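Asks: Once you've had a glance at the structure underneath, I'll fire off some questions.
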Amino acid sequence: MTGLSVRDLRVVFDGFVAVGGVDLEVPEGDVRFVIGPNGAGKTTLVDAITGLVRATGHVAFDGQDLLGRKVHRIARLGIGRTFQTAAVFEELTVLQNLDIAAGWSRKPWSLLRTRRSIPAEVEKAMETVRLSAVRDQLAGTLAHGQKQWLEIGMLLVQDARLLLLDEPVAGMSQSERDATGDLLGELSRDRTVLVIEHDMDFLRRYARTVTVMHAGKVLSEGSVTEVQADPRVQEVYLGRGAS
Amino acid sequence: MSPRVRALAGFGITAVLLFAVAPLLLGDFRLGLLAKYLCFAIVAVGIGLAWGRGGMLALGQGVFFGLGGYAMAMHLKLADAGPGNLPDFMTLYGQLDALPWWWVPFQNPIFALLATVLLPMTVALLLGLLIFRRRVRGAYFAILSQALAAAFAILLIGQQGTTGGTNGLTDIRGFFGYDLNDPVNRRMIYFIVAVALLAMLGITWQLMRSRYGELLVAVRDGEERVRFLGYDPANVKLVAYVVAAGMAGLAGALFVPAVGIISPALIGVVPSIEFVIGVAVGGRASLAGPALGAIAVAWAKTALSERVPSAWTYFEGLLFVLPIVFLPGGIASLVSLVRRRRAAAPPPAVDQRPPLVREGAA
Chain A
25 MTGLSVRDLR
35 VVFDGFVAVG
45 GVDLEVPEGD
55 VRFVIGPNGA
65 GKTTLVDAIT
75 GLVRATGHVA
85 FDGQDLLGRK
95 VHRIARLGIG
105 RTFQTAAVFE
115 ELTVLQNLDI
125 AAGWSRKPWS
135 LLRTRRSIPA
145 EVEKAMETVR
155 LSAVRDQLAG
165 TLAHGQKQWL
175 EIGMLLVQDA
185 RLLLLDEPVA
195 GMSQSERDAT
205 GDLLGELSRD
215 RTVLVIEHDM
225 DFLRRYARTV
235 TVMHAGKVLS
245 EGSVTEVQAD
255 PRVQEVYLGR
265 GAS
Chain B
347 MSPRVRALAG
357 FGITAVLLFA
367 VAPLLLGDFR
377 LGLLAKYLCF
387 AIVAVGIGLA
397 WGRGGMLALG
407 QGVFFGLGGY
417 AMAMHLKLAD
427 AGPGNLPDFM
437 TLYGQLDALP
447 WWWVPFQNPI
457 FALLATVLLP
467 MTVALLLGLL
477 IFRRRVRGAY
487 FAILSQALAA
497 AFAILLIGQQ
507 GTTGGTNGLT
517 DIRGFFGYDL
527 NDPVNRRMIY
537 FIVAVALLAM
547 LGITWQLMRS
557 RYGELLVAVR
567 DGEERVRFLG
577 YDPANVKLVA
587 YVVAAGMAGL
597 AGALFVPAVG
607 IISPALIGVV
617 PSIEFVIGVA
627 VGGRASLAGP
637 ALGAIAVAWA
647 KTALSERVPS
657 AWTYFEGLLF
667 VLPIVFLPGG
677 IASLVSLVRR
687 RRAAAPPPAV
697 DQRPPLVREG
707 AA
């Protein structure tokens, strides 16, 4: 079984059920969008997969069990994520950010040396996310969209095979959204992509499959048209009595 | 100038100041004081790494300074007493017949020298494993460090018979066969301290500009984010903490022949805070800032205490608060501000196009 497999996942905070028994299968190469109203448990789902919050149930990626492992061990299995607000190292340059993302497997002693040349994967990722010209600029001085791309670039050099993106196009202009969407499609060739998103227009254009979450559970699942036609989804999004 | 050339020039100028200008200009007394300040500067260099680059406010470096200092002083006291004899204070307060077992290995000069650095590093390693694995950080880390310094000083005071208690280990006369009352030998101690400071600056420079140094800054600014990149931040912080402890231990060991005493009052809560004040004033994230700040604050303390002894404490509190509130980068940030103003060139053109998607990209 390749891809992401989630079975009966539960996350409970002090009696509050944030995620209450989610089943999810995301096959390799999919671009899965997870949508749902605020508080549906979308981000908590990603937190549970990446080990940030304690959860019960079963989560596996490419046959490897994830639950119970530490955050950095899960990351080493090829699972990368971005955050709602871009989390880049603002006091470091673009190049340094990417170089760190590429480096967990470096030998401890080699870390004590200075970087003499730019690693090939870092160079390539900088090209892909169009940040080569600002490689020596501090990440804190980048525009909002550039920071988001830097994060995606960090996932690329990290060699993540499962990308979990939390609202990657929030605050981006239309042309930036288009470019990001194209990039997602490109990335999914040899990776599995899961995107949490609120932007319906973006979803219609770039999602291959959609999972709708509501109140900690999966409400509906399928292609964009199937999900849009589902009366339960319409009810959650438009209110009872709407057609 | 490339950063490398600038750093080498900085090292050159510092070496000239330490090895030529200071010994020529200063008399024996002032040079002795400078040796003491340089010991504080060595502690400060380590704190700069742990706090400025690693975000760990090490408010208890007195513990490691003390471990290094006592390790050195124990050996020198034993050497002063001569083979088979007990150090003077043991017969005075302890009424001991034999040397306590944990003093015995310090008769060996090589063991003692290694212990001055390795003992603090080992203690820091064990403490760090407990602290960082449990994700203790921020103010909690600072308070914990502070409490350790207090506990260590209290422990030493309580064991009057074997540690010298409040008095500490005093009246150290010889240093590996050299008489410390001889001004020539005291100058030699000064030069040893100066060499040690330069070496520690060199080690820290390499650590800061290495990949490890970049990773350390990343951990400081986004510990959780670093986890998601596959690193364990606890190990990254541990290295900086242990290196800083080793430097504090070395400084303590050199302090003993430079000043002739080590006591609980020199390693407890107050001195531990004083180590940090110099770093805050000088600029915690820079290389030279902590060392210069430590020297400046120690000099100001001497100068001010000679004139108005009671004023120093208040002044010291201000020194800690003001830079942190108004000048977080310390004096070092003023220098880089001037440098940036001078090199106010137009910013480089920014590639505003969206990400490029090519066939087979990624």
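So the protein lines, in turn, are chains A and B.
Residue 25 is where the first sequence starts when you use our numbering, and the numbers rise one by one after that.
Residue 347 is where the second sequence starts when you use our numbering, and the numbers rise one by one after that.
Backbone N, C-alpha and C fix where the C-beta goes; we use that ideal spot for every residue, glycine too.
Note that this is a predicted model, so its numbers are computed, not measured.
1. Would you decide whether residue 172 of chain A is buried or exposed? Buried here means 16 or more other CB atoms lie within 10 Å of its CB.
2. In three-state terms, what does DSSP make of residue 196 of chain A?
3. Does DSSP put residue 707 of chain B in a helix, in a strand, or in coil?
4. In the structure shown, what three-state DSSP assignment does residue 37 of chain A receive?
5. Nearest-angstrom Cα distance between residue 157 of chain A and residue 556 of chain B?
6. Which residues does DSSP list as the beta-bridge partners of residue 162 of chain A?
7. Taking only beta carbons into account, state which residues of the region 572 to 600 of chain B come closer than 7 angstroms to chain A, listed in chain order.
8. In three-state terms, what does DSSP make of residue 252 of chain A?
9. From which residue to which residue does the beta strand (DSSP E) around residue 241 of chain A run?
10. Do residue 233 of chain A and residue 221 of chain A have their C-beta atoms closer together than 9 angstroms?
11. What's the call for residue 31 of chain A, buried or exposed, on a 16-neighbour Cβ count within 10 Å?
12. Under 6 angstroms Cβ to Cβ from residue 426 of chain B, same chain only, skipping five residues before and after it: list those, please.
13. Compare the C-alpha of residue 675 of chain B against each of B/637, B/626 and B/665 and name the closest.
14. Counting only the same chain and skipping the five closest in sequence on each side, list residues whose C-beta sits under 6 angstroms from that of residue 250 of chain A.
15. Nearest-angstrom Cα distance between residue 187 of chain A and residue 198 of chain A?
16. In whole angstroms, what is the alpha-carbon distance linking residue 708 of chain B and residue 147 of chain A?
17. Output needed in chain order: residues of the region 237 to 257 of chain A with a Cβ under 7 angstroms from some Cβ in chain B.
18. Can you list, in chain order, the stretches of the alpha helix (DSSP H) that have 4 or more residues and sit fully within the region 627 to 661 of chain B?
19. Could you work out which residues of chain B lie near residue 269 of chain A, taking near to mean beta carbons separated by less than 9 angstroms?
20. Closer than 9 angstroms, CB to CB, is residue 563 of chain B near chain A or not?
21. What does residue 123 of chain A reach in chain B if we use C-beta pairs closer than 8 angstroms?
22. Could you spell out the range, first to last residue, of the alpha helix (DSSP H) harbouring residue 390 of chain B?
23. Is there contact between the region 348 to 357 of chain B and the region 595 to 603 of chain B, where contact requires at least three CB pairs shorter than 8 angstroms?
24. Strictly under 9 angstroms for the Cβ-Cβ distance: is residue 471 of chain B near chain A by that measure?
25. Establish whether the CB of residue 567 of chain B and some CB of chain A are separated by less than 9 angstroms.
26. Please report whether the beta-carbon of residue 553 of chain B lies at a distance below 9 angstroms from any beta-carbon of chain A.
27. Return yes when the Cβ of residue 547 of chain B is within less than 9 angstroms of the Cβ of residue 634 of chain B, no when it is not.
28. Tell me which same chain residues have a C-beta within less than 7 angstroms of the C-beta of residue 211 of chain A, skipping the five on either side of it?
29. Would you say residue 224 of chain A faces chain B, with C-beta separation under 9 angstroms as the test?
30. Does DSSP classify residue 142 of chain A as helix, strand or coil?
31. Please classify residue 42 of chain A: does DSSP put it in a helix, a strand, or coil?
32. Candidates B/567, B/509, B/513 and B/678: which alpha carbon is nearest residue 446 of chain B's?
33. How should residue 29 of chain A be labelled, buried or exposed, when 16 other C-beta atoms within 10 angstroms of its C-beta is the threshold for buried?
34. Under DSSP, the alpha helix (DSSP H) around residue 96 of chain A begins and ends at which residues?
35. CA-CA distance, residue 450 of chain B and residue 86 of chain A?
36. Let me make sure I understand the geometry here. Which of B/379, B/497 and B/386 has the alpha-carbon closest to that of residue 638 of chain B?
Replies: So, from the data block:
1. buried
2. coil
3. Note on residue 707 of chain B: pLDDT 37, under 50, position unreliable in the model; the coordinate value appears next. DSSP places residue 707 of chain B in coil when its eight states are reduced to three.
4. strand
5. 23 angstroms
6. A/117
7. 573, 574, 575, 576, 577 and 578
8. helix
9. 241 to 246
10. no
11. exposed
12. 519 and 520
13. B/626
14. none
15. 22 angstroms
16. Low confidence applies here, because residue 708 of chain B scores a pLDDT of 35, under 50, leaving its location unreliable and the question unanswered by this model.
17. none
18. 634 to 653
19. As displayed, chain A neither begins before 25 nor continues past 267, which places residue 269 of chain A out of reach and without an answer.
20. yes
21. 557 and 560
22. 374 to 393
23. no
24. no
25. yes
26. yes
27. yes
28. 187 and 217
29. no
30. coil
31. strand
32. B/509
33. buried
34. 95 to 100
35. 59 angstroms
36. B/386
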